[in-house]
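Asks: Let me give you the structure first, and then I'll get to my questions.
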Amino acid sequence: MKLEVGYINITDIQFGNECKVAGGTLHVNQDCLKELILSDARIAEVSFDIARPGESVRITPVKDVIEPRTKVGTDEMGIFPGILNKVKTVGMGRTHVLKGAAVVTCGQIVGFQEGIIDMSGPGADYTPFSATNNLVVLFTPKADIQPHDYEQALRMAGLKVAAFLGDLGKEVTPDVVETYETLPILEQKAKYPDLPRIGYVQMLQTQGLLHDTYVYGVDMKESLTTMINPTEVMDGAIISGNCVSACDKNTTYHHQNNPVIADMFEENGKSLIFAGMIITNENVFLMDKERSSDWTAKLCKMMGFDGVVITQEGFGNPDTDLMMNCKKVEDVGVPTVIVTDEYAGRDGTSQSLADVDAAANAVVTGGNANEVITLPKMDKVIGTLQYVDVIAGGFENNTQPDGSIVVELQAIIGATNELGFNKMSAR
Amino acid sequence: MKEIERAGIAVVHVCTITPISMTVGANRIVPAIAIPYPLGDPKKDAGAEVTLRREIMDKALSALATPVSEQTIFE
Amino acid sequence: MIKIVHYINQFYAGVGGEEKADIGPHMQEGAMGPGAALKAAFGGDAEITHTIYCGDSYYAENTEKASAEILEMIQKVKPDVFIAGPAFNAGRYGLACGSISKIVQEKLEIPVVTGMYQENPGAEMYKDSIYIIATKDSAAGMRDAAPKLAKLALKLAKGEKIGASIEEGYMPGKARVNFFEEKRGSRRAVEMLLAKISGKPFVTEFPMPDFDRVAPAAAIDVKTARFAIVTSGGIVPKGNPDRIESSSASKYGEYAYADVNADPSTVYETAHGGYDPVYANQNGYRVLPYDTLLNYEKEGKIGSIHGKYYTTVGNGTAVKDSAKFGQEIAEKLLADGVNAVILTST
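Chains as they are written, first to last, in the working numbering: chain A, 1049 to 1475; chain B, 27 to 101; chain C, 197 to 542.
Structure (structure tokens):
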């Protein structure tokens, strides 16, 4: 399967009368977007704001971040298949990306686990979204709406906005075009007989409200472990419906730009063959954990992988899924590297993981999520600071007299990402 | 949990993810239903749910009454 | 000026070798032996005001007495930092450096740093408690070790943030500290995997730990036992009066049970942020099985029930904090004669 991706560099977002991409600037007419969003009766009000890299701006509580993308030259395939567009296998043909732009959904808190994005200052170093031009969509839900419904309404609205903006890039000539291809198994070995065939196992958070992930519209907790083509993921086949702690949830943007996929493609044909990708879940029943990890190991064996990278999402009981996957895959003779993060306490002296296994002898860590950071007051807040004490990673009275707030890194979107999106680690 | 047991009080750990319980060192472990509802099941009617809870708690009581020399899961 | 007390053994003090290993501790003003290299590394930022030296055998055979004598000497001088060694690969010297450093840190609350070779038995024993700079296996490594010891000592004296072990050069174990790598995690994972499958050396970023174990408590007679319920599922009275955090809880709650005849959704909720809260909010007894326990008591199936339950959020909450909560809860339970605990987790 082969996908051509055209990256259109976006260096600014501006509000105006038109919706268009011109000269690296994304122009947005707020009324068009409003109409799009308010077609959902569950949303009472919506407003928009722009946050640019380096500005003294704090966005909170953030739910999801989404990159505008679109399929080009096809009426069949659409971005976010099975969710926003009809079910049709994606990951082929051509995709255009508004690189450097992101849609950030924000608004009244649903659960505990929404997060913070700082566009400048010390907090900006920990989130990748301090480096993107962000169109922030601020929602007010209808009164008396149920949490499940509210979450779903926001999720859909965010995807709609991202797809709408992505479509503006259909006719634009990209700055860079890259091609990504995964060959059928037999052809892989024929083409690169001396290279190891490496697989990728992605664990998806699937623990219920605010902890779900959707694949082609399927709630992944209802699925057996399965296989997917990496290029499908680039076209929005996997979307986030979850707010596990802000630091180690994979936003939809993270899925669209999965760094393991990117780095494996980078090495494809050089030091390895990127031979395939498995997706599995992290459910709340022990039986599900056993079954899903059994299937992970079985598929790794069937695919004849010479090694796999396994990435986690979230923490706590998913540490058990991670250890089961690692141990069972090692047991069928396939070497593993796992990517996780740590909850080692604010002073770093506590046990980092809820579950461990001796088989996990090659670990990459995204750092200690409990480490505390002081985020200085920003000139402008998009959203509200009302929840910074109750979101995961916040605590009572964490706002200082000078307006700064003290939080664990846990509260910052993407800070300890377990796909390996960041450079942070811990020792 | 371990601190309570260290003080000489018998503890039974009722939890869904028994592997974590094994890893962290609980000695008497009784498996529960699911993470969001360890001692219940929203799909059952109220009466059946109370019965289910009682079944798990019966196991917990018998676990506490059983001498153990190593980590034990009371299925 | 930052004041430093330096601890060395009889050999490095120039007193003598094995034949003098049984001498007791002495303190002398100024730097001695390897202190000269440290002094150079400090530039003018710190001063070794005193050096304490002690025979390795004396320390090993009279640890309690020797450490008490040394503490007394240090207390008189009140240094800002205590440095021991480095001991390189000298086993008894390494154990002495580790032991006295740990004692100084705990009893005098003065920051400490020592140094030794990674295979020195003192390293394994003390690296989880104190900062130990990793050195070469012989005194030839002093040239490398002195600047690292000095840099860490100065940071400790000034109360500056201590970086990760890999940045500062101390042995991993004492604390996990974040830092920024040159490459992102996914790239590191791919490279680690390629090394692993081709049999090349690689270094895991997180070595698997051992969890400690507690001997099982004796079985109880259920009919006479006094029960309590403890939960990590975050069940709190409606409104979460103590505002227990949804994650990384810094406290636990101690609450009286609500009337079992009340609709549970009106009296309980969960503060836990790690699982779908809908079901526990509807009916807290799905996590806190007090209704069942109360029936047991009425039926005479169990002895009695402690009047309060204990609750915290086991979501990203540090094990060390949980241990502290556990100790406090255990004291309260013991005081009320509780001998059986139902602990529920989500």
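Where is the CB? At the ideal position from N, CA and C, for every residue including glycine.
With M269 (chain C) as the anchor, note down where its alpha helix (DSSP H) starts and where it stops.
Replies: T259 to V273
Asks: Run through DSSP, which three-state label would Q224 (chain C) get?
Replies: The answer is strand: DSSP assigns Q224 (chain C) an E or B state.
Asks: Does DSSP put C1067 (chain A) in a helix, a strand or coil?
Replies: coil
Asks: What runs of the alpha helix (DSSP H), each 4 residues or longer, lie entirely inside the region 431 to 511 of chain C?
Replies: 460 to 463, 474 to 478 and 486 to 495
Asks: If the cut is a Cβ gap below 9 Å, which residues of chain B does P405 (chain C) touch?
Replies: Those do not exist, as P405 (chain C) stays about 10 Å from chain B at its closest Cβ, beyond 9 Å.
Asks: Residues of chain C with CB under 9 Å from Q1253 (chain A), in chain order?
Replies: Listed along chain C, no residue sits closer than 9 Å to Q1253 (chain A) by beta-carbon distance, the nearest being about 11 Å off.
Asks: Around the Cβ of S1400 (chain A), are there at least 16 other Cβ atoms within 10 angstroms (buried) or fewer (exposed)?
Replies: buried
Asks: So A385 (chain C) and V1380 (chain A) are supposed to be a Cβ contact under 8 Å. How far apart are they, rounded?
Replies: At roughly 20 Å, the Cβ-Cβ gap does not stay under 8 Å, so A385 (chain C) and V1380 (chain A) are not in contact.
Asks: Taking only beta carbons into account, state which residues of the region 388 to 412 of chain C come closer than 9 Å to chain B, listed in chain order.
Replies: Cβ contacts with chain B come from F407, D408, R409, V410, A411 and P412.
Asks: Give the single residue among A:L1081, A:E1338 and A:A1407 whose Cα lies nearest to the Cα of P403 (chain C).
Replies: A:A1407
Asks: Taking C-alpha atoms, which residue in C:G499, C:E305 and C:R482 lies nearest to A58 (chain B)?
Replies: C:R482
Asks: Going by C-alpha to C-alpha distance, which of A:V1076, A:Y1248, A:I1287 and A:N1409 sits closest to V1266 (chain A)?
Replies: The shortest C-alpha separation from V1266 (chain A) is found at A:I1287.
Asks: How should I1403 (chain A) be labelled, buried or exposed, when 16 other C-beta atoms within 10 angstroms of its C-beta is the threshold for buried?
Replies: A quick correction: the sequence has Asp, not Ile, at residue 1403 (chain A). Under this definition D1403 (chain A) is a buried residue.
Asks: Sort out for me which residues DSSP pairs S1288 (chain A) with in a bridge.
Replies: Residue pairing from DSSP places S1288 (chain A) in a beta bridge opposite A:T1261.
Asks: Looking at the secondary structure, which residues open and close the alpha helix (DSSP H) in which R1203 (chain A) lies?
Replies: P1195 to D1215
Asks: Nearest CA to the CA of S1490 (chain A): which residue from A:V1105, A:Q1062, A:C1154 and A:L1216?
Replies: The requested residue 1490 (chain A) is not part of the displayed model; chain A covers only 1049 to 1475.
Asks: Using CA coordinates, which residue listed in A:T1464, A:K1425 and A:V1438 is at the minimum distance from D1450 (chain A)?
Replies: A:K1425
Asks: Taking a contact to mean a Cβ-Cβ separation below 8 Å, would you say K370 (chain C) touches S444 (chain C) in this structure?
Replies: no
Asks: Compute the Euclidean distance between the alpha carbons of T1344 (chain A) and Q1360 (chain A), then round it to the nearest angstrom.
Replies: 13 Å
Asks: Where does N1029 (chain A) sit, in a helix, a strand or coil, going by DSSP?
Replies: Any answer about residue 1029 (chain A) is impossible in this case: the structure gives chain A only from 1049 up to 1475.
Asks: When the Cα atoms are used, what is the spatial distance from I1233 (chain A) to Q1161 (chain A)?
Replies: 41 Å
Asks: Name the residue from A:A1205, A:L1074, A:Y1264 and A:E1280 whose alpha carbon lies nearest to the alpha carbon of I1114 (chain A).
Replies: A:A1205
Asks: Does any residue of chain A bring its CB to less than 8 Å from the CB of Y322 (chain C)?
Replies: Answer no: the Cβ-Cβ gap between Y322 (chain C) and chain A never drops below 8 Å.
Asks: For R79 (chain B), which of C:G522, C:I329, C:V509 and C:Y492 has the nearest alpha-carbon?
Replies: The residue with the shortest Cα to Cα distance from R79 (chain B) is C:Y492.
Asks: According to DSSP, what are the bridge partners of M1275 (chain A)?
Replies: According to DSSP, which records beta bridges pairwise, M1275 (chain A) is partnered with A:I1326.
Asks: For V211 (chain C), which of C:M223, C:N479 and C:S334 has the nearest alpha-carbon?
Replies: C:M223
Asks: Considering only their Cβ atoms, is the gap separating G1169 (chain A) from G1247 (chain A) smaller than 8 Å?
Replies: Taking a C-beta distance under 8 Å as the contact criterion, G1247 (chain A) and G1169 (chain A) do not qualify as a contact pair.
Asks: Evaluate S428 (chain C) with the Cβ neighbour count: other Cβ atoms within 10 Å of its Cβ, from every protein chain shown; 16 or more gives buried, anything less gives exposed.
Replies: buried
Asks: I want to verify the contact list: residues of chain C whose CB lies under 7 Å from the CB of N1373 (chain A), in sequence order.
Replies: The contacting residues do not exist; N1373 (chain A) stays about 14 Å from chain C at best.
Asks: State the Cα-Cα distance for the pair G1139 (chain A) and E1270 (chain A), rounded to the nearest angstrom.
Replies: 23 Å
Asks: Please go through the same chain and pick out, in chain order, the residues whose beta-carbon is closer than 7 Å to the beta-carbon of Y475 (chain C), but skip the five residues on each side of it.
Replies: R482
Asks: Let me know if S1341 (chain A) comes out buried or exposed under the rule of 16 or more other beta-carbons within 10 Å of its beta-carbon.
Replies: buried
Asks: So G210 (chain C) is in the beta strand (DSSP E); what residue range does that whole segment cover?
Replies: Unbroken run through G210 (chain C): none, as it is neither H nor E.
Asks: Tell me, please, whether the CB atom of T92 (chain B) is closer than 8 Å to any CB atom in chain A?
Replies: no
Asks: Going by C-alpha to C-alpha distance, which of C:A342, C:Y249 and C:D517 sits closest to P282 (chain C)?
Replies: Considering only alpha carbons, the answer is C:A342.
Asks: Answer yes or no: do E1390 (chain A) and G1415 (chain A) have a C-beta to C-beta separation smaller than 8 Å?
Replies: yes
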